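Here the working numbering = 1-based position in the sequence shown + 968.
We put the beta carbon where it would ideally sit given N, CA and C, even for glycine.
As the structure is a prediction and not an experimental result, all values here were calculated from the model.
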Amino acid sequence: MILKTIPVTQYLTTNTYFYIDEKSGHGWIVDPAAEADKLLQIISENAWQIEKILLTHGHFDHIGAVLTISDTLQIPYFIHHNGNQYLTNPQFNLSAMTPEPIILKQAQYLKDNDIITLSANPEICLQVISTPGHTLDGAIYYDKSNSLAFVGDTIFKDSYGATHFPGGNFAQLMSSIKNKILTLPEETLLYPGHEAATSVKHEKNNFK
Ligand SMILES: [Zn+2]
């Protein structure tokens, strides 16, 4: 698999990830956060076929380029089912505090433990694992075969997500981290929504 981390910036800098099967050139984009033109150019330069947009949660700094990319490529976007109230409500997705409130009405919804399979190569799949706490809709996308997960703002290198936004809950976040993320195999690499990647092994030392 090809994994490309593209930091994009509008109000904040967020990691957008491309996860592409090199055999078929098909793959996914995780959290197209901003700078849609730059992301579309990367897709076109590489002649990738992006099958789906996957969202780790519905905060404004993770969804800023969803509409443009979904419309341009004619592909659907997916989020945990609790994401409905975030994507459709600027107070929840926090875009109300920006000059351009975001409302996304066409999402398709996922539930805990759903499996997302790449159409062009069914051997490639991601497991949806619900990890509420930073938001009610937080979910990670786990590739067991390749030992990695896209973890959004649930956990960061040496840190974890904020819990003071709508739907946030500190006890729930700690439970998600300890019971859903740190229970993955130690070699699992964790790709967060901001800053550098980390691993289950590294973070276990921080949550002793
Ligand atoms: Zn967030």
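Secondary structure of residue i, DSSP reduced to three states
i, result
"LEU971", "strand"
"GLN1095", "strand"
"ALA1075", "coil"
"LEU1141", "helix"
"ASN1174", "helix"
"ASN966", "The structure shown does not extend to residue 966, since the chain is modelled only from 969 through 1176, so no value can be given for it."
With 16 other Cβ atoms within 10 Å as the buried cut-off, status of residue i
i, result
"PHE1175", "exposed"
"ILE1083", "exposed"
"GLU1019", "buried"
"ALA1004", "buried"
"ASP1075", "As written in the sequence, residue 1075 is Ala, which differs from the Asp given in the question. ALA1075 should be labelled buried."
"ILE970", "exposed"
"SER1113", "exposed"
"ASN1050", "buried"
"SER1012", "exposed"
Any non-hydrogen atom of ligand 2 closer than 7 angstroms to residue i Cβ
i, result
"ASP1121", "Absence of ligand 2 from the depicted structure is noted, with ligand 1 being the only ligands included."
C-beta atoms of residue i and residue j nearer than 8 angstroms
i, j, result
"ASP1121", "GLY1161", "yes"
"GLU1163", "PHE1118", "no"
"ILE1021", "LEU1007", "no"
"THR982", "ASP1029", "yes"
"TYR987", "ASP999", "no"
"GLY1135", "PHE1060", "yes"
"ASP1111", "VAL1096", "no"
"SER1115", "HIS1048", "no"
"THR1033", "ALA1064", "In the sequence as displayed, the identity of residue 1033 is Ala instead of Thr. No."
"LEU1062", "LEU1035", "no"
"TYR1109", "LEU1086", "no"
"ASN989", "ALA1130", "Position check: residue 989 holds Asp in this sequence, whereas Asn was assumed. Against a cut-off of 8 angstroms, the Cβ pair of ALA1130 and ASP989 comes out as no contact."
"LEU1141", "VAL1168", "no"
Heavy atom of ligand 1 within 7 angstroms of residue i beta-carbon
i, result
"GLY1032", "no"
"THR1166", "no"
"THR1103", "yes"
"HIS1132", "no"
"GLY1135", "no"
"HIS962", "The shown model of the chain, from 969 to 1176, leaves out residue 962, and the question about it has no answer."
"GLY1051", "no"
"GLY993", "no"
Going along the chain, which unbroken runs of the beta strand (DSSP E) with 3 or more residues stay wholly within the segment 994 to 1072? With a minimum length of 3 residues, the continuous beta strand (DSSP E) runs that stay inside the segment 994 to 1072 are 994 to 998, 1017 to 1022, 1045 to 1048.
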